[in-house]
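Trainee:
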Amino acid sequence: MFLGHFAAGMAAKRLSPTTPLPLLFIAAQFVDLLWPAFLLIGLEQVAIVPGMTAATPLDFISYPFTHSLLGTLGWGFLLGGVVYAFRKNEREAWIVAACVISHWFLDFFSHRPDLLLAPGMDIKYGLGLWNSLPATIVVEFGMFAAGIAIYTRITKAEDKKGSIGFWVLISALAVIYIGNLFGPPPPSVNVLAYSAIGLWLFVAWSWWVEAHRKS
Ligand SMILES: [Zn+2]
74 MFLGHFAAGM
84 AAKRLSPTTP
94 LPLLFIAAQF
104 VDLLWPAFLL
114 IGLEQVAIVP
124 GMTAATPLDF
134 ISYPFTHSLL
144 GTLGWGFLLG
154 GVVYAFRKNE
164 REAWIVAACV
174 ISHWFLDFFS
184 HRPDLLLAPG
194 MDIKYGLGLW
204 NSLPATIVVE
214 FGMFAAGIAI
224 YTRITKAEDK
234 KGSIGFWVLI
244 SALAVIYIGN
254 LFGPPPPSVN
264 VLAYSAIGLW
274 LFVAWSWWVE
284 AHRKS
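Its first residue numbered 74, the sequence shown is counted upward by one per residue in the numbering used here.
#1: Measure the beta-carbon distance from L265 to V119 and round it to whole angstroms, keeping in mind my assumption that it falls under 8 Å.
#2: Nearer than 7 Å: is that true of the beta carbon of V104 relative to any heavy atom of ligand 1?
#3: Does ligand 1 have even one heavy atom less than 7 Å from the beta-carbon of D302?
#4: Give the range of the beta strand (DSSP E) segment to which D132 is assigned.
#5: Please confirm if the segment 94–114 is in contact with the segment 263–278, defined as three or more CB-CB distances below 8 Å between the two stretches.
#6: Output the distance between the C-alpha atoms of I168 and L88, rounded to the nearest integer angstrom.
#7: Am I right that A80 and L206 are in contact with their C-beta atoms under 8 Å? What's the rounded C-beta distance?
#8: Rounded to a whole number of angstroms, what is the C-alpha to C-alpha distance between E283 and D195?
#9: For L200, which residues of its own chain have a beta-carbon under 6 Å away from its beta-carbon, when the five flanking residues on both sides are left out?
#10: Taking the alpha carbon of K86 as the reference point, which residue from R164, N204, G215 and L202 has its own alpha carbon closest?
#11: Tell me the residue span of the alpha helix (DSSP H) that contains K211.
#12: Is any heavy atom of ligand 1 found at a distance shorter than 7 Å from the C-beta of H176?
#13: Hey, would you say the C-beta of D195 is under 7 Å away from at least one heavy atom of ligand 1?
#14: Nearest by alpha-carbon distance to A230: which of G271, A245 and W281 is it?
#15: Contact defined as beta carbons within less than 8 Å: I believe S288 pairs with I227. What is the distance between those atoms, to the nearest angstrom?
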């Protein structure tokens, strides 16, 4: 899942309007933000297999540290703990942890069975939404639209940067996702990993956008 994670971050704003959107984006995408580093140091493996599923050519061979349920729980409590240490808001820390953990459940719906409950286990889980391109598009864009609706009800632009900047961010995410669905597969795992690091750009962008919006 891609847009659905950003949707979860925007929707979480409703539960905690004072939590910065970049922090909610980091939380909802935390394990995908870590994943390229795990790929590049060789702790996790992915292969590019065109036709693997209708929606993605990626074969997630092994990613127990970032994408097992136990791993995701661990990252969730870690990030929630760090946020609590700095911001002293217990409710916010729980919401951040829940956003991190939501990633596993959203991936569970979309991935083919490639997700573990814990590192070292054998059985892999995934409901395989990605096997259907139309269903993937309906679910991802439906969630994205819901997230946008919630976020734009809770925050209002203070100037053009806050409004146009927000919609350019939204459009960029949508265009990238459409490119992933219909474009050619990445030429190599290294290119994939380095472009996945680019996800941090959207965190920075959301920080800039939200500086021009108010709750
Ligand atoms: Zn993921």
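Every residue, glycine too, gets a C-beta built ideally from N, C-alpha and C.
Keep in mind it's a predicted model, so treat the numbers as computed, not measured.
Mentor: For this structure:
#1: 7 Å
#2: yes
#3: Absent from the model: residue 302. The displayed extent of the chain is 74 to 288, so no value can be given.
#4: L131 to S135
#5: yes
#6: 8 Å
#7: That belief does not hold up - the Cβ atoms of A80 and L206 are roughly 19 Å apart, past 8 Å.
#8: 43 Å
#9: F182
#10: R164
#11: Looking at the sequence shown, residue 211 is not Lys but Val. Unbroken alpha helix (DSSP H) run through V211: L206 to I227.
#12: yes
#13: no
#14: W281
#15: 6 Å
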